[in-house]
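> Count the sequence shown with the working numbering and you get residues 2 to 332, in order. Sharing a structure here in structure tokens format.
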Amino acid sequence: MEERKVVFSGVQPSGSLTIGNYIGAIRNWISLQDEYDCFYSIVDLHSITVPQEPKNLRKNTLELLAVYLACGLDPEKCTIFIQSHVPAHAELCWVLNTMSYMGQLGRMTQYKEKSQKVGENVNAGLFTYPVLMAADILLYQTDLVPVGEDQKQHLELARDLAERFNNKYSPTFKIPEPLIKKEGARIMSLQNPEKKMSKSDENENAYILILDSPDAIRRKIRRAVTDLKGQVKYSDEQPGIKNLIEIYSAFSGDSIEDIEKRYEGKGYSQFKEDLAEVVVSGLAPIQEKYNYYMKNKDYLESVYKKGAERANYVSNKTLRKVYRKVGFIER
Ligand code: AMP
Ligand code: TRP
């Protein structure tokens with residue numbers, strides 16, 4: 002049998018997910034699980050690079066697992082696990098840290114943004130965050146990493162580190178490729194279409210959460226910033242409308258052209274009203290399943306335990322090779 006290609010991705014359990022996370026990341030994971038050997042992680046080690054209330058972290062981790070399942074990830078088809086349940090991630094991260102250049106890490110956009118927000122006393126974990134991400138990916142001999150546009154730079158670093166290690170020792174890691182869908186890779190804030198939609202936005206009208214109520218969704222879309230042109234056109238000159246068309250297309254499956262045609266000569270309010278219904282009905286089945294899984298904690302536990310078992314098995318194979326090559330004596 003031909004070996005299936007490997008896919009790895011993860012999301013941090015740092016609060017409710019937005020439709021940006023869904024459209025840019027998780028939605029694309031679903032279609033991959035039939036064809037590839039997929040590993041989808043809840044990256045709790047990453048999430049403590051910013052302060053977390055322990056109680057909330059526990060809660061968010063389980064909720065994210067329920068969201069994964071509700072969106073359609075199937076534990077019979079892919080490996081779903083919690084990052085901290087697989088020690089190899091932190092172990093490989095350490096080895097890769099010793100091969101990472103401070104200069105390159107300092108140039109990471111996400112680091113620059115987050116450290117600026119924190120101000121003084123930036124913790125070292127925030128700095129080496131992308132090295133841990135490289136460890137996540139490289140441990141599974143990953144071919145493809147489906148992520149949103151914002152993670153591209155981190156992926157470059159993972160590729161650099163893999164090549165550096167392979168050159169210094171001998172071929173050990175597969176060089177991973179990013180898988181970034183053109184459409185929906187960057188869903189923008191509803192309040193400022195120059196900024197990406199983010200759950201950490203201080204204005205809650207800027208984002209729609211996967212678990213938002215129908216009324217909240219309708220209200221936020223009604224308030225979404227547009228322009229004075231009055232035409233539903235997918236154009237860089239109308240970033241607000243462009244973003245809304247992209248969301249419409251993602252949830253309805255209709256092409257951008259079809260949507261433009263449908264709303265020719267119609268105003269924004271009809272378009273927004275319809276969009277709200279498209280999003281509400283797109284999220285309804287996910288929300289229903291989410292509520293079901295949240296009531297079945299035993300099932301959730303069985304999913305992450307089984308996932309950790311397989312993830313440990315696969316990742317340890319790579320870690321053992323790395324340790325041997327570096328010169329550590331076998332345990
Ligand atoms: P984060 O919420 O930053 O942990 O991101 C989790 C995943 O969602 C990553 O693959 C991101 O690239 C993706 N993502 C986050 N925000 C957006 C957005 N506004 N548009 C598209 N993808 C996004
Ligand atoms: N850094 C990613 C984000 O914030 C999450 C992540 C951690 C990840 N490890 C990963 C994504 C490995 C893809 C592959 O979105």
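Don't be surprised by glycine CBs; every beta carbon is placed ideally from N, CA and C. Computed from a predicted model, the values in this text were never measured in an experiment.
Could you check what DSSP says for Ile242 in three-state terms: helix, strand or coil?
Residue state, collapsed to three classes: helix.
> Give me the Cβ distance between Cys94 and Leu58, rounded to the nearest whole Å; I'm assuming they're in contact under 8 angstroms.
Actually they are not in contact, since the Cβ atoms of Cys94 and Leu58 sit about 19 angstroms apart, beyond 8 angstroms.
> Report the residue from Ala91, Thr129, Val7, Glu77 whose alpha carbon sits nearest the alpha carbon of Ser101.
Thr129
> Tell me whether Phe82 sits in a helix, a strand or coil according to DSSP, three-state version.
strand
> Let me confirm a value: Lys273 is counted as buried when at least 16 other C-beta atoms fall within 10 Å, else exposed. Which label applies?
buried
> I want to check one thing, is the minimum distance from the CB of Thr50 to the heavy atoms of ligand 1 below 8 angstroms?
no
> At which residue ranges does the region 116-196 contain complete beta strand (DSSP E) runs of 3 or more residues, listed in the order of the chain?
145-147, 178-180
> Would you identify the three-state DSSP class for Asp228, choosing helix, strand or coil?
coil
> Go through its chain and collect everything with a Cβ distance to Asp144's Cβ below 6 angstroms, but skip five positions before and after it.
Lys6, Val7
> Which same chain residues end up closer than 6 angstroms to Lys78 when comparing Cβ atoms and leaving out the 5 residues on each side of it in sequence?
Gln34
> Taking the alpha-carbon positions, what's the Tyr170 to Pro177 distance?
18 angstroms
> Could you check whether the Cβ of Ala309 sits closer than 8 angstroms to any heavy atom belonging to ligand 1?
no
> Do three or more CB pairs link the region 79-94 to the region 45-53 at distances below 8 angstroms?
yes
> Of the choices Asn124, Leu106, Val119, Glu150, whose alpha-carbon is the least far from that of Ala333?
Residue 333 lies beyond the range of the chain shown here (2 to 332); nothing can be said about it.
> Quick one: give me the first and last residue of the alpha helix (DSSP H) that Asp255 is part of.
Here Asp255 belongs to no alpha helix (DSSP H), and DSSP marks it neither H nor E.
> At a cut of 8 angstroms, does the region 265-279 reach the region 290-310 through at least three beta carbon pairs?
no
> Taking Arg224 as the reference, give the member of Gly241, Tyr249, Ser214 with the closest Cα.
Gly241
> Kindly indicate which three-state DSSP category Gly11 falls into: helix, strand or coil?
strand
> Using the three-state DSSP reduction, which class does Tyr41 fall into: helix, strand or coil?
strand
> Name the DSSP beta bridge partners of Thr19, please?
Under DSSP, Thr19 takes part in a beta bridge, and its partners are Leu210.
> With distance defined between alpha-carbon atoms, name the residue in Lys326, Ile218, Lys306 nearest to Leu276.
The candidate whose alpha carbon is nearest that of Leu276 is Ile218.
> Contact defined as beta carbons within less than 8 angstroms: I believe Ile24 pairs with Gly185. What is the distance between those atoms, to the nearest angstrom?
4 angstroms
> Does the region 282-292 touch the region 67-75, meaning 3 or more C-beta pairs lie closer than 8 angstroms?
yes
> Just reading off the alpha helix (DSSP H) that Asn29 is part of, what are its end residues?
28-33
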